[in-house]
Amino acid sequence: DNQPVIDLLDKYPSGIYDLLDESSSLGSSSDELLLNKIAKTHSKNPSFSMPKSRPYSFIVVHTAKPVEYEIKGFRAKNKD
Numbered sequence: 530d531n532q533p534v535i536d537l538l539d540k541y542p543s544g545i546y547d548l549l550d551e552s553s554s555l556g557s558s559s560d561e562l563l564l565n566k567i568a569k570t571h572s573k574n575p576s577f578s579m580p581k582s583r584p585y586s587f588i589v590v591h592t593a594k595p596v597e598y599e600i601k602g603f604r605a606k607n608k609d
């Protein structure tokens with residue numbers, strides 16, 4: 530069942546994509562604040578986790594193997 534991953538990424542208004550769009554539109558936000566909001570919002574989602582050894586990353590389990598994403602530059606890439 531992929532519903533937890535779909536909710537994590539795309540469920541309005543709390544999906545990662547929506548949080549990224551919201552953060553990108555705010556001039557006073559930062560990648561770190563975005564990561565904190567994502568972590569707080571999705572801490573109970575089984576498809577989401579935060580690695581202990583890499584403070585500016587998060588993990589999404591949406592393939593056979595967990596995929597780690599680096600938050601630095603997320604907002605800038607979203608504006609492109």
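All you need for this note's numbering is the position in the sequence shown, starting with 1, plus 529.
The C-beta atom is built at its ideal place from N, Cα and C for all residues, glycine as well.
In this structure, Asp536 and Asn574 form a Cβ contact; the two beta carbons are roughly 7 angstroms apart against a cut-off of 8 angstroms. Nearest to Ala605 by alpha-carbon distance, out of Pro533, Pro595 and Gly556, is Gly556. Between the beta-carbon of Asp550 and that of Phe603 there is about 11 angstroms, and that puts the pair past the 8 angstroms contact cut. The beta carbon of Leu564 is closer than 6 angstroms to those of Ile600 in its chain, skipping five residues each way along the sequence.
8 angstroms or more divides the Cβ of Ser578 from the Cβ of His591.
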